[in-house]
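Written below as structure tokens is the structure these notes are about.
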Amino acid sequence: MKVITRFAPSPTGYIHIGNVRSAIYPYLLARQNHGKLILRIEDTDRERFVEGATELIEDTLKWLGLDWDEGPIVGGSHGPYFQSERKSIYHQWAQKLIASGRAYADPTPSEVIEKYHKECNEKKMPFLFRNIRPENPPEWKPGIPLRFKTEPKSYTWYDEVMGKMTTGPEVLDDIILIKKDGFPTYNFAHIVDDTEMGVTHVMRGVEYLSSTPNYLAIYEALNITPPKLVSLPHILAPQGNKKLGKRDGAKSVTEYRAEGILAEAMLNYLACLGWNDGTEQEIYTKEELINKFSLERIQNSGARYDEIKLLWLNGQWIRKIVHEDGVSALYRRTESFWPESAKGYDDQYKIRVLSIIYDRLKTLSDLRTMTEYFFSDPKINLTMLTQNKFLQKFSESELENLLKLTISKLSELEKWEANNLQNTLNELLVITGKKPAELFSLIRIALSYAPFSPALNLTLEVLGRETSLARLNLTARSI
RNA sequence: GGCUCCUUCGUCUAGUGGUCCAGGACGUCUGGUUCUCAUCCAGAAAAUCGCGGGUUCGACUCCCGCAGGAGUCACCA
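Going by the numbering used here, the letters in the first sequence line up with residues 1 to 479, in that order.
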């Protein structure tokens, strides 16, 4: 049997990291089995619809590398893939239920329902509409909601993550199939769509676990074998025990992208939050995830979201890309992350800067703050020099002399190249009798006035003879 | 309140009756790599396996009870 999975978001805003996992797992399962992933937009709630949200969702998926086989943009033979365009299909299926006496029009005024609802809440009783089911429902016509006529009984089913499930008749109710505006509810629409689209594995958050018996009842009334059900545990907010939501500052995937998180790291982190292959591996490529993914190894308790670990993983991925594909591979991803001042500089120079700074990056946006002095002369800050813990014991004239000596030695260099520079620096240590910490700190600060920088010889090399000497001179004269 | 699910270091997790006085990773701390920051390397601290009973020669692992947490009970998905 061909595996067909789907990701079915509502276009109500951006996808935040609490939700993407329900796109990642279906993707992995589909790819692993050479099946299909369907993207379906569940836009039946016109009030919550947000303009542009669909595009945002598509962008997010594309960025993460989660391509879909059927859905918006790519099309497919089971369309349309927007629920709002499938109204007549739902109505056809609804007619089947009406014909078999399993659905009825509900003329109950909303005040009556609300009153009963309130009553149930006060008495701490579950709200069950079937208790006030109208006795002689009218014929169904637009403007009246259509309800499922349930037959309370016990259900047992198997959830691929949670295992064997059993519930009693008390959870079954006459749920709304078609709203009074003519659009179906999620409860009905997803069943129709999954069936029509041939979905074999329904993967969604655990919050749907409690309504599963009601879905099972509809499948049964429709004479359909339900697909495999996969409940995904929640991702928990960093604080408390609540599921991660926008209120907890759950950022959109797009935001992480803008902050310089790599798609590979994001995918790796999210896939492994609540899933592991039982080995001690931490870094997974998309291909490895596709190969190793398994439903049985999805965790069945919620997992807390930990941004620190994401950052660590991102650093690992930044280095992995450089080590495996070279600096220019990483450089291609950095375009929007350089400081303003880098604008006029060519690719070659920026690649050289990147090659000496990349192992310090946690996110690509660190480039903005960490490479400033490679592109514009830093502001001279003499207190930074004189207050430095290695330099404060020297007098100003001593510092000046050390700098002058450094300048003259470096000026003699024929080839301005890292190894030669290191040799000269070593010579200077011998000549001056200073400790590396002392001399090197002085030079480093005079060049960058930054809290940190790469190895001194590399910094000098990339900065170039002219710039380096000019900056050292400037500081020497300012002391 | 009903129903359902969940419960191993701070966090993500390994663990399917003995090889676990519980392993890995993040984080934390310490030390090393000619300055800084980071990387990398080495090491340390960190879980009476939610609690209480049982079964067993032996339980994190099986059974029962309890507690705590979460989800759900919408013309939202």
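Yeah, the Cβ is synthetic: ideal placement off N, Cα and C, and Gly gets one too.
Secondary structure at His190: helix, using DSSP grouped into helix, strand and coil. The residues Phe127, in chain order, have a CB closer than 6 Å to that of Cys120 in the same chain once the five nearest residues on each side in sequence are set aside. It is roughly 16 Å from the alpha-carbon of Leu403 to the alpha-carbon of Glu466. Shown here, Pro213 sits in a helix according to DSSP, grouped into three states.
Collapsing the DSSP output to three states places Thr200 in coil. Here the segment 354-365 lies against the segment 248-266, with 3 or more beta-carbon pairs under 8 Å apart.
Counting only residues of its own chain and dropping the five nearest sequence neighbours on each side, Gly18 has a CB closer than 7 Å to the CB of Ile235, Lys243, Leu244, Gly245 and Ala250. Taking each of Leu270, Arg360 and Ile98 in turn and checking the Cα distance to Lys149, the smallest one comes out for Ile98. Between Phe390 and Ser453 a beta carbon distance of about 15 Å is seen, past the 8 Å cut, so the two are scored as non-contacting. When rounded, the separation of the alpha-carbon atoms in Leu222 and Asp174 is 15 Å. With a threshold of 16 other beta carbon atoms within 10 Å, Ile283 falls short and is exposed.
With 16 or more other Cβ atoms inside 10 Å of its own Cβ, Lys36 counts as buried. Between the C-alpha atoms of Ala271 and Ser294 there is a straight-line separation of about 11 Å. Just so you know, the alpha carbons of Ala470 and Glu372 end up roughly 17 Å apart.
Contact fails between the segment 54-74 and the segment 308-322, because fewer than three Cβ pairs, one in each stretch, are under 8 Å apart.
Nearest in C-alpha terms to Met203, of all of Leu28, Leu456 and Thr424, is Leu28. Counting along the chain, the unbroken alpha helix (DSSP H) around Ser355 starts and ends at Asp347 to Ile357. By the Cβ test, the segment 326-336 is not in contact with the segment 295-304, since fewer than three Cβ pairs between them sit closer than 8 Å. Secondary structure of Thr5 (DSSP, three-state): strand. For Leu39, the closest alpha carbon among the candidates Asp193, Ala105, Pro145 and Ile144 is that of Asp193.
Between Thr432 and Leu405, the C-beta gap is smaller than 8 Å, which places the two residues in contact.
For Ser100, there is no enclosing alpha helix (DSSP H), as DSSP gives it neither H nor E. Within the same chain, and ignoring the five residues on either side of Ala265 in sequence, the residues whose Cβ sits closer than 6 Å to its Cβ are Leu313, Asn314 and Trp317. Thr54 is positioned such that its CB atom lies closer than 8 Å to that of Pro72.
C-alpha of Lys153 to C-alpha of Val171: approximately 9 Å in a straight line.
Cβ neighbours of Phe188 within its own chain (closer than 6 Å, five residues either side excluded): Leu177. Only residues of its own chain outside the window of five on either side were considered, and among them Pro11, Thr12 and Gly13 have a CB closer than 7 Å to the CB of Val50, listed in chain order.
CA-to-CA, the gap between Tyr349 and Arg86 works out to about 55 Å.
Put simply, the backbone Cα of Trp416 is about 11 Å away from that of Ser468. Inter-residue distance for Ile218 and Trp140 is about 18 Å (C-alpha atoms, whole angstroms). Separation of Leu273 and Arg304 (C-alpha to C-alpha, rounded to the nearest whole angstrom) is 8 Å.
For Lys62, there is no enclosing beta strand (DSSP E); the enclosing alpha helix (DSSP H) covers residues Ala53 to Leu64.
In the three-state scheme derived from DSSP, where H, G and I count as helix and E and B as strand, Lys36 is classed as strand. DSSP, reduced to helix, strand and coil, places Asp366 within a helical segment of the structure shown. Per DSSP, the unbroken beta strand (DSSP E) holding Trp157 starts and ends at Tyr155 to Asp159. Here DSSP, grouped into helix, strand and coil, assigns Leu236 to strand.
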